[in-house]
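Residue numbers (the working numbering), protein chains in the order written: chain A, 262 to 475; chain B, 262 to 475.
2 protein chains.
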Amino acid sequence: MISAMDESKITERGRRTRQRIVEATGEQILASGIGGTTLDQVRAATLTSKSQLFHYFPGGKAELVREVAQWEGRQLFEAQEPYIRDLRSWESWEQWRAALINYYISRGRWACPIGSLATQAAMSDPELEQIIADGLRTWRETLADGVRRMRDAGLIAPAADPLKVATVILAAIQGGLVLSQPERSAWPLEAALDSALGPLHGASLTNAVVNSMP
Amino acid sequence: MISAMDESKITERGRRTRQRIVEATGEQILASGIGGTTLDQVRAATLTSKSQLFHYFPGGKAELVREVAQWEGRQLFEAQEPYIRDLRSWESWEQWRAALINYYISRGRWACPIGSLATQAAMSDPELEQIIADGLRTWRETLADGVRRMRDAGLIAPAADPLKVATVILAAIQGGLVLSQPERSAWPLEAALDSALGPLHGASLTNAVVNSMP
DNA sequence: TGTTCGTTGGACTTCATGGTCCAGTTGTAG
DNA sequence: CTACAACTGGACCATGAAGTCCAACGAACA
Chain A
262 MISAMDESKI TERGRRTRQR IVEATGEQIL ASGIGGTTLD QVRAATLTSK
312 SQLFHYFPGG KAELVREVAQ WEGRQLFEAQ EPYIRDLRSW ESWEQWRAAL
362 INYYISRGRW ACPIGSLATQ AAMSDPELEQ IIADGLRTWR ETLADGVRRM
412 RDAGLIAPAA DPLKVATVIL AAIQGGLVLS QPERSAWPLE AALDSALGPL
462 HGASLTNAVV NSMP
Chain B
262 MISAMDESKI TERGRRTRQR IVEATGEQIL ASGIGGTTLD QVRAATLTSK
312 SQLFHYFPGG KAELVREVAQ WEGRQLFEAQ EPYIRDLRSW ESWEQWRAAL
362 INYYISRGRW ACPIGSLATQ AAMSDPELEQ IIADGLRTWR ETLADGVRRM
412 RDAGLIAPAA DPLKVATVIL AAIQGGLVLS QPERSAWPLE AALDSALGPL
462 HGASLTNAVV NSMP
């Protein structure tokens, strides 16, 4: 990744200021979207000035937004650590699920830093689109690894396609968030995620509850 | 619903112009989002003038966007007719699924007029948010009716909660579209939707393929 | 035929917002 | 302590987009 900001000569103070800008912008974007976020708002929220914004992000708003996307993406992944790295049993999936839901709840808003940006700005900024796509892809791969471990351990059907299962889970998260937004509740997200996680639930418990035939 | 445009005195010619504006705006929003759509673009695309835009939509851009949301919503529902009204067997769900996927494919872009607007503009315009929420709700209710019919006919488990199943299906659609966007392919959407539709698939076929235990 | 009202054209105004500039301050290394 | 570079403040500029205004056109109807 090529960052327009060379981090060689940078003071600690500068680093803090820069980080403050990124986080405040993220907050604002989360609340009002990219288009609804102005540099003046960021400036006011961070008690900085225009010159600082352009000092740290010479590429202007576009670069700042990209930086925010990467930062938020990292936060999202860290929130899933360490569970997402060690998905190999139903219990580990449950722990991961709890950590993820908790992350979304803690932000106060029902929006995914990756998913909602994907919808908002995909067509406006190809570079941002790339960042989003990369984040989505590694997320899916990490989940697929977990599914693969489950399969190799014989905990789920050998015929299950890990990539497909991972995609279904991701889709459930993104779609669940879309529905949680107007609902102002986590339940659509939880329902969708649990449903997608069904195939990973060992034994025929899931089938019996959700899918049995009279 | 209160429309700022009183339709009492309006010529056929005016109606056509107005409709032309709505459709062109929808096209533009689909391509560039709400923020990326300017009235000048709409004016150019429809060969109209500013005065016409404000003549037919006194509320300005906000009203126009709301009108577009409603129009697109209607289109979306019509695309699912008549199947969505008569969900009562696995075959009918399959027909509905085909019609829906076909609708999204035919638009050329992987975006839902309801879902993507929900993400984009929910917080900027409360009225638009209401329109989106309503559309989402009636959609969910209609699907839930179908699930209810399935349950009452004994085709799925009596314990299944129709509203929850409908929500999971909707989430799969929305999330599938989010993932289909960067992928530039319908497969994530189809995978997610099929997975969510699993519980409606009679017999233990689904269980055997996706979820069996060694 | 003329009057009325829906319709249309396009110039004009206002203003928010991204972006620029430069002078002044603070920190740090020799 | 001095010099240089990083950092900060805020006035200023350019632009594009929403919204206004008014004059002119055209179709229905007396």
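Glycine included, every Cβ here is placed at the ideal spot set by N, Cα and C.
If you're wondering where the values come from, they're calculated on a predicted model, not measured in any experiment.
{"Item": "What residue does the alpha helix (DSSP H) around T286 of chain A start on, and which one ends it?", "Value": "273-293"}
{"Item": "Note down, one range per segment and in chain order, each alpha helix (DSSP H) of at least 4 residues found wholly within the stretch 385-413 of chain B.", "Value": "387-413"}
{"Item": "So is G287 of chain B in contact with chain A if we call contact Cβ pairs under 8 Å?", "Value": "no"}
{"Item": "Using a C-beta cutoff of 8 Å, does M384 of chain A count as contacting chain B?", "Value": "yes"}
{"Item": "Does S473 of chain A come out as helix, strand or coil in the three-state DSSP assignment?", "Value": "Per-residue confidence for S473 of chain A stands at a pLDDT of 35, beneath the threshold of 50, marking its modelled position as unreliable; no derived number is given."}
{"Item": "Of the residues that make up the stretch 356-384 of chain B, which ones have a beta carbon closer than 8 Å to any beta carbon in chain A?", "Value": "A372, G376, S377, A379, T380, Q381, A382, A383, M384"}
{"Item": "Do L308 of chain B and F318 of chain B come within 8 Å of each other at the CB atom, strictly closer than that value?", "Value": "no"}
{"Item": "Is V303 of chain B close to chain A? Criterion is C-beta to C-beta, closer than 8 Å.", "Value": "no"}
{"Item": "Give a yes or no on whether 8 Å exceeds the smallest Cβ distance from K322 of chain B to chain A.", "Value": "no"}
{"Item": "Report the residues of the stretch 402-434 of chain A with a CB closer than 7 Å to any CB of chain B, ordered along the chain.", "Value": "G415, A418, A420, A421, K425, T428, V429, L431, A432, A433, I434"}
{"Item": "Drop a sphere of 10 angstroms on the beta-carbon of P387 of chain B, count the other beta-carbons inside from all chains shown, and report buried for 16 or more, exposed for fewer.", "Value": "exposed"}
{"Item": "Taking only heavy atoms of the ligand COA into account, decide whether any of them is closer than 7 Å to the Cβ of W351 of chain B.", "Value": "In the structure shown, the ligand COA is absent, as is every other ligand, since no ligand is present at all."}
{"Item": "Since I345 of chain B meets chain A, which of its residues come closer than 8 Å, beta carbon to beta carbon?", "Value": "Those within 8 Å of I345 of chain B in chain A number zero; the least Cβ separation is about 18 Å."}
{"Item": "Can you give the Cα-Cα distance for Q331 of chain B and Q391 of chain A, rounded to whole angstroms?", "Value": "32 Å"}
{"Item": "Who are the neighbours of G437 of chain A on chain B, taking C-beta pairs under 8 Å?", "Value": "A432, G436"}
{"Item": "Looking at the C-beta of A292 of chain B, does it have a partner C-beta in chain A at a distance below 8 Å?", "Value": "yes"}
{"Item": "Since A420 of chain A is in the alpha helix (DSSP H), which residue starts that stretch and which ends it?", "Value": "Looking at the DSSP string, A420 of chain A is not in any alpha helix (DSSP H), and its letter there is neither H nor E."}
{"Item": "S456 of chain A CB to nearest chain B CB: under 8 Å?", "Value": "yes"}
{"Item": "Could you tell me which of B:G437, B:L361, B:S310, B:A405 sits nearest to G376 of chain A, measuring between CA atoms?", "Value": "B:G437"}
{"Item": "Do you know how far the Cα of I366 of chain A is from the Cα of I363 of chain B?", "Value": "The sequence as given places Asn at residue 363 of chain B; Ile does not occur at that position. For N363 of chain B and I366 of chain A, the distance between alpha carbons rounds to 35 Å."}
{"Item": "Quick check on P387 of chain A - is its C-beta less than 8 Å from some C-beta in chain B?", "Value": "no"}
{"Item": "Using the beta-carbon count (16 or more within 10 Å), is I282 of chain A buried or exposed?", "Value": "buried"}
{"Item": "What residue from B:G369, B:I430, B:R327 has the CA that sits closest to L480 of chain A's CA?", "Value": "Because chain A spans 262 through 475 in this model, residue 480 of chain A falls outside it and cannot be assessed."}
{"Item": "Pull up the CB-CB distance for R401 of chain B and T380 of chain B, whole angstroms please, since I reckon it's below 8 Å.", "Value": "Contact flag wrong, Cβ pair sits at about 17 Å."}
{"Item": "Can you tell me the Cβ-Cβ gap for G396 of chain A and G334 of chain A, rounded? I've got them flagged as a contact below 8 Å.", "Value": "4 Å"}
{"Item": "Which chain B residues sit within Cβ distance under 8 Å of P319 of chain A?", "Value": "What P319 of chain A touches in chain B: nothing, since even the nearest Cβ is about 23 Å away."}
{"Item": "Have a look at K322 of chain A and T278 of chain A and give me their C-alpha separation to the nearest angstrom.", "Value": "16 Å"}
{"Item": "On the three-state DSSP scale, how would you describe F318 of chain B?", "Value": "coil"}
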